[in-house]
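Chemist: Numbering (our numbering), first residue to last: 420 to 527.
Think of the CB as a built atom: it goes at the ideal place given N, C-alpha and C, for glycine as much as any other residue.
These numbers were taken from a predicted model, which means no experiment stands behind them.
One structure is given below, represented as C-alpha coordinates, and several questions about it will come after.
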Amino acid sequence: MRKAVLYCRVDSPVRESTESAIENQRRQLERYAKNHGMEIVGVFEDAGLAGTTLNRPGLQAMMNEVEAGNADTVLTFNRSRLFRGSMPEKLRQLPAKIITTNEPSLER
(Lines of atoms letter the chains of each structure in order from A and count residues from 1; the text may use other names and numbers.)
(Lines give C-alpha, C1' and ligand atoms only; values in the text may rest on other atoms or scores of the structure.)
Protein backbone atom coordinates (compact mmCIF):
# COMPACT_ATOMS: atom_id res chain seq x y z
CA MET A 1 0.00 0.00 0.00
CA ARG A 2 1.34 3.42 -0.96
CA LYS A 3 1.78 5.94 1.85
CA ALA A 4 0.66 9.39 0.82
CA VAL A 5 0.99 12.91 2.13
CA LEU A 6 -1.55 15.49 1.03
CA TYR A 7 -0.54 19.07 0.25
CA CYS A 8 -3.07 21.90 -0.08
CA ARG A 9 -2.40 25.60 -0.67
CA VAL A 10 -4.22 28.81 -1.48
CA ASP A 11 -2.38 32.07 -1.87
CA SER A 12 -5.14 34.45 -0.92
CA PRO A 13 -5.27 35.81 2.64
CA VAL A 14 -6.91 33.59 5.23
CA ARG A 15 -10.65 34.08 5.28
CA GLU A 16 -13.78 31.95 5.08
CA SER A 17 -13.50 31.33 1.31
CA THR A 18 -9.83 30.36 1.71
CA GLU A 19 -10.70 27.80 4.38
CA SER A 20 -13.40 26.43 2.10
CA ALA A 21 -10.95 26.19 -0.84
CA ILE A 22 -8.40 24.30 1.25
CA GLU A 23 -11.11 22.03 2.63
CA ASN A 24 -12.31 21.26 -0.91
CA GLN A 25 -8.77 20.42 -2.02
CA ARG A 26 -8.27 18.18 1.02
CA ARG A 27 -11.54 16.33 0.43
CA GLN A 28 -10.69 15.69 -3.21
CA LEU A 29 -7.23 14.39 -2.27
CA GLU A 30 -8.66 12.16 0.47
CA ARG A 31 -11.16 10.73 -2.02
CA TYR A 32 -8.41 10.08 -4.56
CA ALA A 33 -6.25 8.32 -1.95
CA LYS A 34 -9.15 6.14 -0.83
CA ASN A 35 -10.11 5.24 -4.42
CA HIS A 36 -6.51 4.28 -5.20
CA GLY A 37 -5.84 2.27 -2.04
CA MET A 38 -3.41 4.74 -0.46
CA GLU A 39 -2.84 5.26 3.24
CA ILE A 40 -2.76 8.95 4.19
CA VAL A 41 0.14 9.53 6.59
CA GLY A 42 0.03 13.32 6.71
CA VAL A 43 -1.89 16.40 5.61
CA PHE A 44 -0.04 19.66 5.05
CA GLU A 45 -1.52 23.06 4.26
CA ASP A 46 -0.41 26.60 3.55
CA ALA A 47 -2.97 29.42 3.42
CA GLY A 48 -2.21 32.93 2.31
CA LEU A 49 1.28 32.08 1.01
CA ALA A 50 2.49 32.52 -2.56
CA GLY A 51 3.51 29.49 -4.57
CA THR A 52 6.67 31.18 -5.83
CA THR A 53 8.78 30.32 -2.80
CA LEU A 54 9.74 27.16 -0.96
CA ASN A 55 9.57 29.08 2.33
CA ARG A 56 6.17 27.77 3.37
CA PRO A 57 5.79 25.91 6.68
CA GLY A 58 3.40 23.29 5.33
CA LEU A 59 5.50 22.63 2.23
CA GLN A 60 8.68 22.35 4.29
CA ALA A 61 7.03 19.94 6.73
CA MET A 62 5.69 17.85 3.82
CA MET A 63 9.12 17.67 2.18
CA ASN A 64 10.71 16.67 5.50
CA GLU A 65 8.16 13.87 5.90
CA VAL A 66 8.94 12.53 2.42
CA GLU A 67 12.70 12.89 2.83
CA ALA A 68 12.48 10.99 6.14
CA GLY A 69 10.98 8.06 4.21
CA ASN A 70 7.55 8.26 5.85
CA ALA A 71 5.69 8.68 2.54
CA ASP A 72 6.26 7.52 -1.02
CA THR A 73 3.56 9.63 -2.66
CA VAL A 74 2.67 13.33 -2.67
CA LEU A 75 -0.93 14.13 -3.61
CA THR A 76 -1.82 17.69 -4.54
CA PHE A 77 -4.69 19.32 -6.42
CA ASN A 78 -2.54 20.73 -9.22
CA ARG A 79 1.06 21.61 -9.96
CA SER A 80 0.65 25.26 -8.95
CA ARG A 81 -0.27 24.20 -5.41
CA LEU A 82 3.33 22.96 -5.04
CA PHE A 83 5.04 25.74 -6.98
CA ARG A 84 4.26 28.45 -9.51
CA GLY A 85 6.81 28.75 -12.32
CA SER A 86 9.60 26.28 -13.03
CA MET A 87 9.59 23.45 -10.52
CA PRO A 88 12.62 23.81 -8.22
CA GLU A 89 15.16 21.00 -8.22
CA LYS A 90 14.45 20.31 -4.53
CA LEU A 91 10.84 19.40 -5.38
CA ARG A 92 11.77 17.44 -8.51
CA GLN A 93 14.22 15.34 -6.52
CA LEU A 94 11.84 14.34 -3.73
CA PRO A 95 11.96 10.55 -3.31
CA ALA A 96 8.23 10.25 -3.92
CA LYS A 97 5.75 9.98 -6.74
CA ILE A 98 3.97 13.31 -7.21
CA ILE A 99 0.37 13.01 -8.32
CA THR A 100 -1.85 15.95 -9.18
CA THR A 101 -5.50 15.00 -9.07
CA ASN A 102 -6.73 17.85 -11.27
CA GLU A 103 -4.10 17.61 -14.06
CA PRO A 104 -2.79 14.14 -14.89
CA SER A 105 0.30 15.46 -16.69
CA LEU A 106 2.37 15.81 -13.49
CA GLU A 107 1.95 12.20 -12.33
CA ARG A 108 5.39 10.64 -12.40
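Would you check if the distance between the CB atom of F502 and the CB atom of L513 is smaller than 9 Å?
Modeler: no
Chemist: Any idea which residues DSSP pairs V462 with across the strands?
Modeler: L425
Chemist: When the distance is taken between beta carbons, is E464 closer than 9 Å to N497?
Modeler: no
Chemist: Helix, strand or coil, according to DSSP, for L494 in the structure here?
Modeler: strand
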